[in-house]
Amino acid sequence: MTYVAVPNRYERIPYRRVGRSGLVLPALSLGLWHNFGDSSPLDTQRALLRAAFDLGINHFDLANNYGPPYGSAETNFGRLLREDFRAYRDELILSTKAGWDMWPGPYGQGGGSRKYVLASLDQSLRRLGVDYVDIFYSHRFDADTPLEETAGALADAVRQGKALYVGISSYSAGKTREIAALLREHKVPLLIHQPAYNLFNRWVEKDLLATTEDLGAGVIAFTPLAQGLLTDKYLDGIPADARINRPGGASLRPEHLSEANIRRARALAEIARRRGQSLAQLALAWTLRDPRVTSALIGASRPEQLVENVAALDNLAFSTEELAEIDRHAVEGGINLWEKPSSDWQA
1 MTYVAVPNRY
11 ERIPYRRVGR
21 SGLVLPALSL
31 GLWHNFGDSS
41 PLDTQRALLR
51 AAFDLGINHF
61 DLANNYGPPY
71 GSAETNFGRL
81 LREDFRAYRD
91 ELILSTKAGW
101 DMWPGPYGQG
111 GGSRKYVLAS
121 LDQSLRRLGV
131 DYVDIFYSHR
141 FDADTPLEET
151 AGALADAVRQ
161 GKALYVGISS
171 YSAGKTREIA
181 ALLREHKVPL
191 LIHQPAYNLF
201 NRWVEKDLLA
211 TTEDLGAGVI
221 AFTPLAQGLL
231 TDKYLDGIPA
241 DARINRPGGA
251 SLRPEHLSEA
261 NIRRARALAE
271 IARRRGQSLA
281 QLALAWTLRD
291 PRVTSALIGA
301 SRPEQLVENV
311 AALDNLAFST
321 EELAEIDRHA
331 VEGGINLWEK
341 PSSDWQA
């Protein structure tokens with residue numbers, strides 16, 4: 001049956017301006033890191049995308065190596081875009097990234113080289129079946145490639161009409177300033193930064209949020225639910241259907257589910273209960289409490305999860321007392337898998 005989006009789809013979710021740009025994004029965006037590779041039924045993927053768009057989520061975030069296997073999330077999304085969303089292309093914000101390993105040989109191992117970045121973008125466009133993406137990211141800082149080269153490749157993607165905007169992910173505050181300055185030399189603004197950020201991973205608060213604000217760039221937080229740790233799923237143990245037990249789920253590690261982290265999650269869940277929210281809703285609302293955060297990037301395995309997450313937007317206000325209590329439990333949880341590229345690492 002031909003998909004027809006609900007007519008009131010833009011009445012549910014607030015939109016936020018991306019830094020000082022002309023672009024706006026929904027407060028919640030859908031990430032396709034998990035549940036959109038070949039290990040997930042296509043009908044499930046279709047149901048998730050339809051549910052998201054009907055709720056007003058018009059931003060779908062991908063990367064070249066999302067799967068499993070690598071590339072399959074883009075291929076599957078491309079098929080569903082053709083079959084369901086072609087008529088809505090101009091309503092959608094599509095983003096993809098290049099930076100991590102993707103294909104065999106020295107040129108496919110990731111990084112920021114011109115060869116890898118532009119070849120990756122061309123491959124992504126073919127898999128997606130589109131002429132351009134709205135946002136193209138450098139997925140990580142590469143200490144082995146001059147930043148001038150990475151910035152030049154991103155700028156050329158815009159000049160060639162293959163990307164409308166460019167962003168970065170998991171860059172330190174210092175490298176964010178550097179690449180923004182390099183992009184300005186090409187008259188291409190840095191639109192957005194995509195860092196990991198959640199109640200157990202607060203590194204962006206040190207200096208990155210101030211940096212993006214100063215540069216006029218937006219921020220879209222990924223893993224706001226700490227890959228499920230900040231939901232009710234693990235409060236009483238690891239269920240059989242948990243991500244950690246599924247293909248492609250190795251990014252959630254057993255040590256992340258430490259006794260200390262679970263104890264803190266339970267305490268946060270109690271605060272959420274008093275607010276009339278689930279733990280996931282509290283975590284999303286907390287991430288969005290700072291106006292410098294444009295959007296929170298959520299994942300889902302069922303449409304019902306999307307409905308629950310969107311309901312977090314009904315209560316985004318926190319009292320001073322609530323924030324103070326949350327701060328007692330929202331401490332570093334040892335879950336930042338992206339600490340190396342976001343800390344000016346050297347090979």
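When we follow UniProt numbering, the leftmost residue of the sequence shown carries the number 1, and every step to the right adds one. From the three backbone atoms N, C-alpha and C, an ideal C-beta is built for every residue, glycine too.
When the beta-carbon positions are compared, P195 and S29 stay at least 8 Å from each other.
The DSSP assignment places complete alpha helix (DSSP H) segments of no fewer than 4 residues inside the region 22-70 at 42-54, in order along the chain.
Here the C-alpha atom of L92 lies approximately 17 Å from the C-alpha atom of S124. Considering only S113, G161, T75, the residue with the shortest C-alpha distance to R127 is T75.
Counting other Cβ atoms within 10 Å of its Cβ, S319 stays below 16 and is therefore classed as exposed.
For the options D236, E322, G67, the alpha carbon positioned closest to that of R274 is the one of E322. For A52, same chain residues with a beta-carbon under 6 Å away, outside a window of 5 residues either side, are L30, L306 in chain order. DSSP places A163 in the uninterrupted beta strand (DSSP E) bounded by 163-169. Assigned with DSSP and collapsed to three states, I220 falls in strand.
Closest option to L235, judged by alpha-carbon separation, among G218, G299, A260: A260.
In the structure shown, A296 falls within a strand segment according to DSSP collapsed to helix, strand and coil. For G105 against Y116, the beta-carbon gap comes to about 10 Å, at or over 8 Å, which does not count as contact. Proximity to T2 across N8, Y88, S21 peaks at Y88, based on C-alpha coordinates.
Runs of the beta strand (DSSP E) lying entirely within the region 87-119, each at least 3 residues long, are 93-98 in chain order.
Counting the other CB atoms within 10 Å of its CB gives D43 a total below 16, which places it among the exposed residues.
If the five residues before and after E213 are omitted, its C-beta is found closer than 7 Å to the C-beta atoms of R292, all from its own chain and listed in chain order. The beta strand (DSSP E) runs lying completely inside the region 261-326 and spanning 3 residues or more are 295-298, given in chain order. When the beta-carbon positions are compared, V18 and G161 stay at least 8 Å from each other.
With contact defined as three or more Cβ pairs closer than 8 Å, the region 198-213 and the region 167-186 are in contact. Separation of the CB atoms of T294 and R16 is rounded to 5 Å, and the pair is thereby assigned contact status at 8 Å. A contact is defined here as three or more CB-CB pairs under 8 Å, and the region 298-314 fails this definition with respect to the region 184-195.
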